[in-house]
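Down below is the structure, laid out as structure tokens.
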Amino acid sequence: MKNTDVVVIGAGPTGCMLAGELAAAGRSVTVLDKRPVPSPLSRAFGVHARTLELLDARGLADELVASGAPSPGLKMWRGAELNLAGLSSRFPFVLITPQRNVDSLLERHAREQGAEIIRGITVIGVHQDGDGVTVRGRDTSGVEHAFRAAYAVGADGAHSAVRQMIGQPFPGKAVLRSIMLADVELRNPPDSIVTVNAV
Numbered sequence: 001m002k003n004t005d006v007v008v009i010g011a012g013p014t015g016c017m018l019a020g021e022l023a024a025a026g027r028s029v030t031v032l033d034k035r036p037v038p039s040p041l042s043r044a045f046g047v048h049a050r051t052l053e054l055l056d057a058r059g060l061a062d063e064l065v066a067s068g069a070p071s072p073g074l075k076m077w078r079g080a081e082l083n084l085a086g087l088s089s090r091f092p093f094v095l096i097t098p099q100r101n102v103d104s105l106l107e108r109h110a111r112e113q114g115a116e117i118i119r120g121i122t123v124i125g126v127h128q129d130g131d132g133v134t135v136r137g138r139d140t141s142g143v144e145h146a147f148r149a150a151y152a153v154g155a156d157g158a159h160s161a162v163r164q165m166i167g168q169p170f171p172g173k174a175v176l177r178s179i180m181l182a183d184v185e186l187r188n189p190p191d192s193i194v195t196v197n198a199v
């Protein structure tokens with residue numbers, strides 16, 4: 001059984017950001033993720049000003065900005081338009097960059113701060129007692145592993161297995177019935193304002 005201060009379940013941007021913060025504060029952190037390798041898919045495409053400000057405080061924003069294209073605003077459905085150029089920020093725009101760029105930046109930062117990230121582990125059990133929590137996981141070859149920590153954090157997304165394991169409901173409802181996101185190269189690129197269409 002591996003002992004650590006905190007087990008973070010999920011190596012996406014939330015999990016890696018938290019792991020980096022905890023490790024920078026001197027805590028031992030182990031991050032578990034079911035994917036054997038990071039996802040190559042975009043999944044999301046925009047980073048907002050406040051997120052860039054938080055990354056900037058950690059010396060990470062400039063590298064991320066260099067990976068994308070700033071858009072001074074958004075055109076949304078029914079003619080609504082959001083102009084970000086007037087924001088009182090070093091980043092008065094939404095940065096258009098694939099989420100894989102954010103993921104890789106935050107994972108590298110977490111590792112540099114001392115967090116351990118273990119991929120290919122599917123969490124199959126979370127048990128809390130009076131002294132901490134035990135997280136059980138299975139690797140890609142079927143071997144089970146146990147991790148003991150003072151705290152466990154479920155950062156495993158909207159369909160969180162951890163939330164289901166501990167019986168925590170998710171209040172609310174889905175706003176979108178479906179969404180399609182694709183990585184494409186356009187013959188005629190759009191203007192500098194990102195346009196979001198929804199039906």
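Each step along the sequence shown adds one to the number in my numbering, with nothing skipped, and position 35 is 35. Glycine residues also receive a C-beta, built at the ideal position from the N, C-alpha and C atoms.
Spatial neighbours of residue 34 within its chain, please: C-beta separation below 6 Å, excluding the five flanking residues on both sides.
Walking along the sequence shown from the start, residue 34 turns up at place 34. Excluding five sequence positions before and after residue 34, the CB atoms of its chain that fall closer than 6 Å to its own CB belong to 122, given in chain order.
Report the rounded CA-to-CA distance for residue 84 versus residue 145, giving the unit in angstroms.
Within the sequence shown, numbered from 1, the residue matching residue 84 stands at position 84. Within the sequence shown, numbered from 1, the residue matching residue 145 stands at position 145. A direct Cα-to-Cα measurement between residue 84 and residue 145 gives close to 47 Å.
Who are the Cβ neighbours of residue 64 in its own chain at under 8 Å, not counting the five residues just before and after it?
The residue labelled residue 64 in the question sits at position 64 within the sequence shown. Hits under 8 Å: 47, 52, 55, 95, 97, 101, 102, 105.
How many angstroms separate the CA atom of residue 147 from the CA atom of residue 186?
Residue 147 sits at position 147 when you count from the first residue of the sequence shown. Residue 186 sits at position 186 when you count from the first residue of the sequence shown. Distance from the CA of residue 147 to the CA of residue 186, rounded to the nearest whole angstrom, comes to 47 Å.
What is the C-beta distance between residue 6 and residue 22, in whole angstroms, given that I count them as a contact (C-beta under 8 Å)?
Here residue 6 refers to the residue found at position 6 of the sequence shown. Here residue 22 refers to the residue found at position 22 of the sequence shown. Contact between residue 6 and residue 22 holds, with the beta-carbon distance rounding to 6 Å and staying under 8 Å.
Helix, strand or coil: how does DSSP classify residue 52 here?
Residue mapping note: residue 52 aligns to position 52 of the sequence shown, counting from 1. Assigned with DSSP and collapsed to three states, residue 52 falls in helix.
Apply the 10 Å Cβ neighbour rule to residue 124 and answer buried if 16 or more other Cβ atoms are within range, or exposed otherwise.
Taking the first residue of the sequence shown as 1, we reach residue 124 at position 124. Taking all protein chains shown into account, residue 124 has fewer than 16 neighbouring C-beta atoms within 10 Å of its C-beta and is therefore exposed.
On the DSSP bridge assignment, give the partners of residue 138 in chain order.
The residue given as residue 138 occupies position 138 in the sequence shown. In DSSP, residue 138 forms a bridge with 122, 144.
Short Cβ contact (8 Å threshold) for residue 9 with residue 153:
For the purposes of this step, residue 9 is identified with residue 9 of the sequence shown, where counting begins at 1. For the purposes of this step, residue 153 is identified with residue 153 of the sequence shown, where counting begins at 1. In this structure, residue 153 lies closer than 8 Å to residue 9 by Cβ.
Helix, strand or coil for residue 168? Go by DSSP, reduced to three states.
The sequence position of residue 168 within the sequence shown is 168, counting from 1. Judged by DSSP in its simplified three-state form, residue 168 adopts coil rather than helix or strand.
How about residue 13: is its Cβ closer than 7 Å to a heavy atom in the ligand NAP?
The ligand NAP is not among the ligands present in this structure, which contains no ligands whatsoever.
Using the Cα positions of residue 119 and residue 12, report the straight-line distance between them to the nearest angstrom.
Here residue 119 is taken as the residue at index 119 of the sequence shown, counted from 1. Here residue 12 is taken as the residue at index 12 of the sequence shown, counted from 1. Going from the Cα of residue 119 to the Cα of residue 12 covers about 11 Å.
Return the bridge partner residues of residue 21 from the DSSP annotation.
The residue given as residue 21 occupies position 21 in the sequence shown. None; residue 21 has no bridge partner.
With distances taken from CA atoms, which of 79, 99, 80, 72 is nearest residue 90?
Translated into positions along the sequence shown, residue 90 becomes position 90. When each option's Cα is compared against that of residue 90, the closest is 72.
Closer than 7 Å by C-beta to residue 20: which residues in its own chain qualify, once you throw out the five before and the five after it? Chain order, please.
As a working mapping, residue 20 is identified with position 20 in the sequence shown. Excluding sequence neighbours, residue 20 sits near 106, 109, 110, 113, 115.
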